[in-house]
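A.B. asks: This is the structure, below, for whatever I ask next.
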Amino acid sequence: MVQALSNPVSFDDFLEWYPDPTDRRYELHRGAIVETPKPRGKHSEVAGFANGQLFLEITRLALPYLVPKECIIKAPDGLSGYEPDGVVLDRASLATSHCGKNLLQLPWALRHG
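My numbering numbers the first residue of the sequence shown as 8 and each following residue consecutively.
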């Protein structure tokens, strides 16, 4: 479902709007709020397995990272925010994030390496 709006929704307004709690999943696509399906079946199984393996390696190596169950990643355009199936976050970088409604707003792009 796409919410039709005359003006684009900002990322901050999206976080303010985000219903808590909800059994639905929403993302912000270029200023438009979009309802997206929650992972189910094989998709959920693969995402859960991958996140579990990442968590085990992070723990085994005592790395300063975490694998959150839910978060919204702010895109560099400022008008998009996505809930990834999996992401590894640097704990030190979280000190500069804004938390609200159990969602993480990360105002920096993910590092590619």
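A virtual CB, placed ideally from N, CA and C, is assigned to each residue, including glycine.
For Leu-35, write down the residues that DSSP places opposite it in a beta bridge.
C.D. replies: For Leu-35, which the question treats as bridged, DSSP gives the partners Ile-40, Gly-88.
A.B. asks: Would you report the Cα separation of Phe-62 and Tyr-33, rounded to the nearest angstrom?
C.D. replies: Approximately 25 Å between the Cα atoms of the pair.
A.B. asks: So is Gly-59 buried or exposed if we call it buried at 16+ other beta carbons inside 10 Å?
C.D. replies: It is exposed - the Cβ of Gly-59 has fewer than 16 other Cβ atoms within 10 Å.
A.B. asks: Where does Val-53 land, buried or exposed, given buried means 16+ other C-beta within 10 angstroms?
C.D. replies: Counting Cβ neighbours within 10 Å, Val-53 comes out exposed, since fewer than 16 surround it.
A.B. asks: Among Gly-88, Thr-66, Pro-15, Ala-82, which residue has its Cα nearest to the Cα of Thr-43?
C.D. replies: Closest option to Thr-43, Cα to Cα, is Gly-88.
A.B. asks: Output the residue ranges of the alpha helix (DSSP H) runs that lie fully inside the region 44-97 and measure 4 residues or longer, sorted by chain position.
C.D. replies: Runs found: 48-67.
A.B. asks: Count the other CB atoms within 10 Å of the CB of Asp-101; is the residue buried (16 or more) or exposed (fewer)?
C.D. replies: In the sequence as displayed, the identity of residue 101 is Leu instead of Asp. Classification for Leu-101: exposed.
A.B. asks: Starting from the Cα of His-50, find the closest Cα among Ala-99, Pro-91, Arg-98 and give me that residue.
C.D. replies: Nearest C-alpha to His-50: Pro-91.
A.B. asks: Determine, using beta carbons only, whether Leu-73 and Ile-80 come nearer to each other than 9 Å.
C.D. replies: It is not a contact, given that the beta carbons lie outside the stated cut-off.
A.B. asks: Quick one: using the 10 Å Cβ neighbour count with 16 as the cut-off for buried, is Leu-70 buried or exposed?
C.D. replies: Leu-70 should be labelled exposed.
A.B. asks: Per DSSP, what kind of secondary structure is Ser-100 in: helix, strand or coil?
C.D. replies: Here Ser-100 sits in helix by DSSP.
A.B. asks: Measure the beta-carbon distance from Arg-37 to Leu-86 and round it to whole angstroms, keeping in mind my assumption that it falls under 8 Å.
C.D. replies: With a Cβ gap of about 5 Å, Arg-37 and Leu-86 count as contacting.
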